[in-house]
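**Student:** Residue numbers for the sequence shown follow UniProt numbering, so the first one is 1 and each next one is one higher. Glycine included, each C-beta is placed from N, C-alpha and C at the ideal position. The model shown is predicted, which means the values in this text are computed figures rather than measured ones. Okay, here's the structure, questions in a sec.
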Amino acid sequence: MVDSPPMTAAEAQARRASVQKRLTQVEEEIVRLRRELATLGVDQRLPGLYLTVEVAGTTALLPVEAVMEVVRLVAIEPLPAALPHVRGTMLYRGTPAVVVDLAALLGVRREPDLDAHLVICGGARMVAVLVDRVRDLVESPVLVDGAASGETAHAWDGTGLMAGLCRTSEGIRPLLRASAILAVPEGA
Numbered sequence: 001m002v003d004s005p006p007m008t009a010a011e012a013q014a015r016r017a018s019v020q021k022r023l024t025q026v027e028e029e030i031v032r033l034r035r036e037l038a039t040l041g042v043d044q045r046l047p048g049l050y051l052t053v054e055v056a057g058t059t060a061l062l063p064v065e066a067v068m069e070v071v072r073l074v075a076i077e078p079l080p081a082a083l084p085h086v087r088g089t090m091l092y093r094g095t096p097a098v099v100v101d102l103a104a105l106l107g108v109r110r111e112p113d114l115d116a117h118l119v120i121c122g123g124a125r126m127v128a129v130l131v132d133r134v135r136d137l138v139e140s141p142v143l144v145d146g147a148a149s150g151e152t153a154h155a156w157d158g159t160g161l162m163a164g165l166c167r168t169s170e171g172i173r174p175l176l177r178a179s180a181i182l183a184v185p186e187g188a
């Protein structure tokens, strides 16, 4: 086995960008396939498990394949000149993670409660998604067409994070695109 030379910082950044681009393309294809599945008839179930998160008085589903762990809120180190939805960084098991506040993406400014959660997600960069709380797991939710279900506009509509709508025992919930949440620019 031949050892390859270590990557330079520029090569690593280019590789991360390439992986993130491919992940976004796969996620967009999944969204298209879910929409196509919804048009094929009622009660089309999405395979897998989805984490229900509560943010700023609303709930949404997040695919568990993106989730590594859920932890309680810890100290967050602010990042100067960061985007409004980037709260800062934290250490997760010795690895730095960028903290993305979903409430800020919804346009809600607030200090999180002490019982808030961080949903740790892996990707090109480790991201900790700040939510008010994690509520439950949903298995195989039913994908629905929002217009056909009579659903009105959601707070998530303008965020670019929503992949579709799902019917659960709790009602209609937005399905979030994990790749959009994890796409935190370098230096953010």
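#1: What is the DSSP secondary structure of Gly48, counted as helix, strand or coil?
#2: Looking at the structure shown, is Ala163 part of a helix, part of a strand, or coil, going by DSSP?
#3: Could you give the uninterrupted runs of the alpha helix (DSSP H) lying entirely in the UniProt domain "CheW-like" (47-187), keeping only those of 4 residues or more?
#4: I'd like the list of long-range same chain contacts for Val74, defined as Cβ closer than 6 Å, with 5 residues on each side in sequence excluded.
#5: Is it true that the CB of Val53 sits closer than 8 Å to the CB of Leu62?
#6: Kindly indicate which residue of Val26, Arg16 and Leu51 has the alpha-carbon position closest to the one of Arg135.
#7: Is Thr95 near Met126, with beta carbons less than 8 Å apart?
#8: Pop quiz: Asp132 and Val55 are said to be a contact at Cβ under 8 Å. What is the actual Cβ separation, rounded to whole angstroms?
**Tutor:** According to the structure data:
#1: Note: Gly48 maps to coil in three-state DSSP.
#2: Ala163 falls in the strand class under three-state DSSP.
#3: Counting only runs of 4 or more, we get 102-105, 146-149 and 178-182.
#4: If we look at Val74 and ignore the five residues flanking it on each side, its Cβ neighbours are Met90.
#5: The answer is yes: Cβ separation under 8 Å.
#6: For Arg135, the closest of Val26, Arg16 and Leu51 by C-alpha to C-alpha distance is Leu51.
#7: Yes, the pair counts as a contact, with Cβ atoms nearer than the cut-off.
#8: The distance from the Cβ of Asp132 to that of Val55 is about 6 Å, consistent with a contact at the 8 Å cut-off.
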